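Chains as they are written, first to last, in this note's numbering: chain S, 11 to 125; chain V, 4 to 119.
Beta carbons: idealized from backbone N, C-alpha and C, even for Gly.
This structure is a prediction, so every number in the text was calculated from the model and none was measured.
Reading through the structure tokens given below for one structure.
The structure is reproduced here in structure tokens:
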């Protein structure tokens with residue numbers, strides 16, 4: 011079955027330190043991968059996506075993610091965390107050439123950046 | 004960028020009543036819209052795919068008679084929770100992909116439904 015896993019429910023990091031939010035996927039073929047952020051009582055905001063090309067993808071708000079095919083991972087990273095980065099982060103996957111299909115989401119990881 | 008709106012942003016209703024939630028694509032046409040449900044501290048679960056001009060496609064376990072979806076135009080899909088009960092209380096989010104780039108999906112801000 012195709013799935014996305016976010017192994018950490020919660021990630022705590024001090025402000026100014028680098029952060030990593032992990033995501034692995036279990037699918038056949040080459041999926042398209044996404045990261046979204048959700049602030050309290052808000053919808054999802056797009057951060058970045060990997061479709062093809064360079065494995066390192068840069069996105070909004072200084073975030074980046076690296077696609078690692080051998081490890082089937084797509085971890086979200088930021089060199090220096092801000093308190094305002096505290097939110098719920100979702101990794102998602104979609105399959106190419108699949109028409110108008112929805113995203114499949116991981117369970118989410120809550121990031122807390124402590125001042 | 005493209006914008007998807009939802010109305011209302013929150014609603015409180017009595018058990019047994021019906022609630023309609025609107026999802027609009029404001030500056031693009033959406034032949035397909037997706038409806039998700041999110042429980043507290045949990046991920047988004049796809050409920051159904053709304054197709055303009057045809058019947059919605061429901062995910063397994065989602066009651067189509069309970070959650071009525073109407074995609075009457077290229078910019079509007081509605082989700083009606085019929086005879087709502089407290090267990091229907093949740094955060095409902097819609098999304099719409101761009102017509103020419105299905106990898107660009109835009110999410111509405113969500114609707115928080117509380118059934119008393």
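If we define contact as Cβ-Cβ less than 7 Å, is residue 118 (chain S) a contact residue for chain V? Counted from its first residue, the first chain places residue 118 (chain S) at position 108. Interface annotation, residue 118 (chain S): in contact with chain V, CB-CB separation under 7 Å.
Output the residue ranges of the alpha helix (DSSP H) runs that lie fully inside the stretch 27-54 of chain S and measure 4 residues or longer, sorted by chain position. Those alpha helix (DSSP H) runs which fall completely within the stretch 27-54 of chain S and span 4+ residues do not exist here.
So the beta strand (DSSP E) residue 117 (chain S) belongs to, where does it begin and stop? As a first step, residue 117 (chain S) is located in the first chain; it is residue number 107 there, counting from the start. In the DSSP assignment, residue 117 (chain S) falls outside any beta strand (DSSP E) and carries neither an H nor an E.
Under three-state DSSP, which class holds residue 28 (chain V)? Working through the second chain from its first residue, we reach residue 28 (chain V) at position 25. Three-state DSSP puts residue 28 (chain V) in a strand.
For my contact list, residue 114 (chain V) and residue 14 (chain V) are in at a C-beta cut-off of 8 Å; report their separation, rounded to the angstrom. The residue you call residue 114 (chain V) lines up with position 111 of the second chain. The residue you call residue 14 (chain V) lines up with position 11 of the second chain. For residue 114 (chain V) against residue 14 (chain V), the beta-carbon gap comes to about 7 Å, under 8 Å, which counts as contact.
With residue 96 (chain V) and residue 49 (chain V) assumed to form a contact (beta carbons below 8 Å), what rounded beta-carbon distance in angstroms separates them? Indexing the second chain from 1 puts residue 96 (chain V) at position 93. Indexing the second chain from 1 puts residue 49 (chain V) at position 46. About 10 Å; that fails the 8 Å criterion.
Under 7 Å between C-beta atoms, does residue 111 (chain V) make it to chain S? In the second chain, residue 111 (chain V) corresponds to position 108, counting from 1. Residue 111 (chain V) counts as touching chain S.
Does the stretch 57-71 of chain S come into contact with the stretch 111-125 of chain S, if we say contact requires no fewer than three beta-carbon pairs (one atom in each stretch) closer than 8 Å? No, the stretch 57-71 of chain S does not touch the stretch 111-125 of chain S.
At 4 residues or longer, and completely inside the stretch 47-74 of chain V: list those alpha helix (DSSP H) runs for me, N to C. Runs of the alpha helix (DSSP H) lying entirely within the stretch 47-74 of chain V, each at least 4 residues long, are absent.
C-alpha gap between residue 98 (chain S) and residue 36 (chain S), whole angstroms: As a working mapping, residue 98 (chain S) is identified with position 88 in the first chain. As a working mapping, residue 36 (chain S) is identified with position 26 in the first chain. Each residue's Cα considered, the two are about 22 Å apart.
Please classify residue 91 (chain V) as buried or exposed, where buried requires at least 16 other C-beta atoms within 10 Å of its C-beta. Translated into the one-based positions of the second chain, residue 91 (chain V) becomes position 88. It counts as buried.
Just to make sure I have the definition right: I need the residues of chain V whose C-beta is within less than 8 Å of the C-beta of residue 42 (chain S). Which are they? Your numbering for residue 42 (chain S) matches position 32 in the first chain. Within chain V, the residues near residue 42 (chain S) are 106.
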